[in-house]
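See below for the structure under consideration.
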Amino acid sequence: MIFGRRVHEPVVVATCATEEQAERIWAVLIDADIPSVIQHDPAMLGGPQLFQVLVENGRSAEAIAALSKGDAAESSED
């Protein structure tokens with residue numbers, strides 16, 4: 055028996071304060087052919103509005119690499 059997450063359960067790769075930030079991250083992932091979704095942070099209902107970007111558990115390392123590559127490109131433009 056295997057314990058822990060199932061391979062295809064979604065995992066959070068980013069938590070954002072604004073919907074615009076979440077949409078930018080989502081766009082980077084979609085451009086890298088990594089299916090992703092944005093949801094309201096369920097732990098924060100009644101509190102500050104936060105947004106989570108989720109991917110399949112098996113794609114989380116790939117998603118983080120794509121986001122890191124995007125961060126490096128943004129910092130080189132500055």
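Going by the numbering used here, 63 is the number at position 9 of the sequence shown; the sequence numbering is gapless. Virtual Cβ for every residue (Gly too), placed ideally from N, Cα, C. Remember, predicted model here, so these are calculated numbers, not experimental data.
Query raised in the report: Measuring CA to CA, which of Q106, P64, E110 and S114 is closest to R78?
Result: Here residue 78 refers to the residue found at position 24 when the sequence shown is read from its first residue. It is Q106 whose Cα lies nearest to the Cα of R78.
Query raised in the report: Do you know offhand how far A119's Cα is from Q75's?
Result: Here residue 119 refers to the residue found at position 65 when the sequence shown is read from its first residue. Here residue 75 refers to the residue found at position 21 when the sequence shown is read from its first residue. Rounded to whole angstroms, A119 to Q75 spans 18 Å at the Cα level.
Requested in this report: Can you tell me which of the three DSSP states L121 falls into?
Outcome: Mapped onto the sequence shown, residue 121 falls at position 67. Three-state result, L121: helix.
Requested in this report: Starting from the C-beta of I88, find all residues in its chain whose C-beta is less than 7 Å away, skip the five residues before and the five after it, and write them out in chain order.
Outcome: Within the sequence shown, residue 88 is the residue found at index 34, counting from 1. Hits under 7 Å: V109, R113, E116, A117 and A120.
Query raised in the report: From I92 to V82, what does the alpha carbon distance come to, in whole angstroms?
Result: In the sequence shown, residue 92 corresponds to position 38, counting from 1. In the sequence shown, residue 82 corresponds to position 28, counting from 1. Separation of I92 and V82 (C-alpha to C-alpha, rounded to the nearest whole angstrom) is 13 Å.
**Report entry** CB of N111 within 8 Å of CB of E73, strictly
**Finding:** Taking the sequence shown and counting its residues from 1, one reaches residue 111 at position 57. Taking the sequence shown and counting its residues from 1, one reaches residue 73 at position 19. Cβ atoms of N111 and E73: not closer than 8 Å.
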